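Numbering (the numbering used here), first residue to last: 65 to 244.
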Ligand code: 5GP
Ligand code: MG
Ligand code: MG
């Protein structure tokens with residue numbers, strides 16, 4: 065049982081999220097008009113965002129799932145990228161949109177983008193629901209960002225702490241005393 069006292073301030077409500085995801089879907093649909101894209105959902109964190117975003121995109125698209133790991137059970141990055149589950153379709157000549165929950169140090173997306181570039185896609189763009197630019201270590205920017213956030217550890221809408229809180233329908237700050 066999760067102690068609700070561990071959840072601090074809610075920074076984006078269900079309604080805030082819905083509105084922003086609709087805007088992103090519209091923008092992506094317009095910018096890729098006439099093309100077909102592959103949405104690459106990076107598990108587990110972006111499952112909720114991908115499901116909502118995909119339903120706001122009205123151009124032909126397929127959805128693939130990939131699981132990588134660069135974070136342990138805690139709140140700090142471990143550096144290198146480990147592919148736990150790869151997508152199982154060829155991507156040469158395809159337009160890829162990588163969908164992430166949050167860019168923090170940027171190490172994960174930077175490594176992922178390099179890896180996809182070697183598979184000869186027509187294009188690779190990045191879409192992150194949240195962006196924490198103050199913590200960036202790798203030279204990477206998302207092409208589409210839901211919200212730019214400050215340096216707090218966030219949970220909900222797919223984002224976890226030790227596998228919990230992914231089911232919260234909002235984004236909240238996890239209280240520091242809970243993980244420090
Ligand atoms: P990066 O490689 O950019 O440092 O790490 C990205 C990954 O770290 C995200 O996909 C996410 O799994 C995790 N992460 C980074 N910041 C947060 C945060 O504030 N909350 C949660 N729950 N995960 C985070
Ligand atoms: Mg992630
Ligand atoms: Mg995590």
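Beta carbons are placed, not taken as given, at the ideal position from N, Cα and C, and that holds for glycine. Please read all numbers here as calculations on a predicted model, not as lab measurements.
I need the boundaries of the beta strand (DSSP E) containing residue 208, first residue and last residue. 208 to 212
- prompt: How about residue 235: is its Cβ closer than 6 Å to a heavy atom in ligand 2?
  reply: no
- Item | 7 Å Cβ cutoff met for residue 112 and residue 222 | yes
Contained alpha helix (DSSP H) runs [length at least 4] in the region 99 to 152, N- to C-terminal order:
111 to 118
Less than 7 Å between the C-beta atoms of residue 185 and residue 155, yes or no? yes
Taking the beta strand (DSSP E) that residue 187 falls in, what are its first and last residues? 187 to 195
Note down the Cα distance separating residue 197 from residue 173, rounded to an integer number of angstroms.
13 Å
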